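Inspection log for the structure reproduced underneath, given as structure tokens.
Numbering (my numbering), first residue to last: 1191 to 1621.
Shown next as structure tokens:
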């Protein structure tokens, strides 16, 4: 009874706070945008005027991202406010022993299947916003193609299509968010990640991609200026999933094809060039201990039994994580095939303490202060940060902390709002 009364009182105070949160949020991810790319572009004389405009009106940050530093796990962490072990999308490719099948980001049908995105009640931002009675629009964010706990964003771009130009994406998302009913817009674009992989992070082509994304931000700002309902009423948050480091497909490769060759048919592998999860399909023919011993001690490779994965990764307490997990040293790639890597000079997926893995963040808007110093932001805090700007007071259970984002809000929410938010974010109260 007492908890119910407290909950009702907190609801009233939170409602009062939320009525003042009339501003919208536009959240953009440029894949593989390392934290220092803007510095590199500025030194190279590239045009980053739109990015600088946002930085000079708000702030720039280096982001501490989640482990593992891969596109799909990181984007779902951004969307859910959870570490990877708690949101369940544990790789770009992984096996689920309960479902008895593999998730692969390249299989479009998998991204339409709800169970991959519903682990332990994980809820993306767009669904949290819809649950509070507002409308969300999403262009190609990880998880947005599926009905998650029977909810979707009101407007989505449908099945992923990489052929959409960046300008088209900006125009589409701006058309949506300009409508009164939408309060949250989220958009994804695959650069500079694609150029970073093919040409390396120090390449001219990566700087070309930085300029391309700057042009899109300039278009976005122009559209906002031309839209009276948005001018001065929309918060812009731009970030990324991970950074990028240089690799050489000829010289920085860890060869696991040979040690696993005669037992590979008994294994299920969760693969990426930087990480490898190993499951045995036949404990008699490929015992876990033997699999471990075959690859343990390999140069430039850190091999763990699942229980021994470092706690700081927040990447082991999940049945979808393989019983053996290997992580390459920064700048090295794992190869389990006889064929060799080609045209691959940039990679990510490594230890999230490596600075090369850290993405960037820019933010400006009516609810965002101007901070001159480079900031440090946690990736899992993007969820509570955006919730606070939208006045969403009943978040899902998350790992992100609203108290860490208070310095990045122009006005501190009421203590009643914060207390209510903490109760839901900790799981003490449930939506």
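Heads up, the beta-carbon is just placed ideally off N, CA and C, and yes, glycines get one too.
Since the structure is predicted, the reported quantities are computational estimates derived from the model, not experimental observations.
- Shown here, residue 1614 sits in a helix according to DSSP, grouped into three states.
- The segment 1511–1523 makes contact with the segment 1463–1479; the number of CB pairs closer than 8 Å reaches 3 or more.
- In this structure residue 1369 is exposed. Its beta-carbon is surrounded by fewer than 16 other beta-carbon atoms within 10 angstroms.
- The beta carbon of residue 1218 sits closer than 6 Å to those of 1377, 1428, all from its chain and outside the five residues before and after it, given in chain order.
- DSSP assignment within the segment 1201–1278 yields the following whole beta strand (DSSP E) runs of 3 residues or more, N-terminal first: 1214–1220, 1249–1254.
- Between residue 1493 and residue 1352, the alpha-carbon positions lie close to 35 Å from each other.
- Bounds of the beta strand (DSSP E) holding residue 1566 are 1565–1568.
- Per DSSP, the continuous alpha helix (DSSP H) segment holding residue 1316 begins and ends at 1315–1321.
- For the set 1331, 1323, 1550, the Cα lying nearest the Cα of residue 1371 is the one of 1323.
- Uninterrupted beta strand (DSSP E) stretches at least 3 residues long and entirely within the segment 1319–1381 occur at 1325–1329, 1372–1379, given in chain order.
- Judged by beta-carbon spacing, residue 1491 lies beyond the 9 Å limit of residue 1437, meaning their Cβ atoms are not closer than that value.
- Taking the C-beta atoms as reference points, residue 1584 is found nearer than 9 Å to residue 1318.
- Closest by C-alpha distance to residue 1489, out of 1502, 1335, 1524, is 1524.
- Counting only runs of 4 or more residues that sit fully inside the segment 1388–1459, the alpha helix (DSSP H) segments are 1394–1415, 1447–1450, in chain order.
- Per DSSP, residue 1579 is not a residue of any beta strand (DSSP E); the alpha helix (DSSP H) it occupies stretches across 1572–1580.
- When the beta-carbon positions are compared, residue 1258 and residue 1517 come within less than 9 Å of each other.
- The beta carbon of residue 1413 sits closer than 6 Å to those of 1364, all from its chain and outside the five residues before and after it, given in chain order.
- The C-beta separation of residue 1558 from residue 1598 comes to about 7 Å, placing the pair in contact by the 8 Å criterion.
- Counting C-beta atoms within 10 angstroms of its own C-beta, residue 1298 has fewer than 16 neighbours from the protein chains shown and is therefore classed as exposed.
- When 1462, 1551, 1460, 1456 are compared, the shortest CA-CA separation from residue 1474 is found for 1456.
- According to the DSSP assignment, residue 1479 belongs to the alpha helix (DSSP H) that extends over 1478–1485.
- For residue 1595, the enclosing alpha helix (DSSP H) starts and ends at 1592–1595.
- Under the criterion of beta carbons closer than 8 Å, residue 1262 and residue 1289 do not qualify as touching, at roughly 16 Å.
- The C-beta of residue 1603 has 16 or more other C-beta atoms within 10 Å across all chains shown, which makes the residue buried.
- Remark: C-beta atoms of residue 1381 and residue 1356 approach each other more closely than 9 Å.
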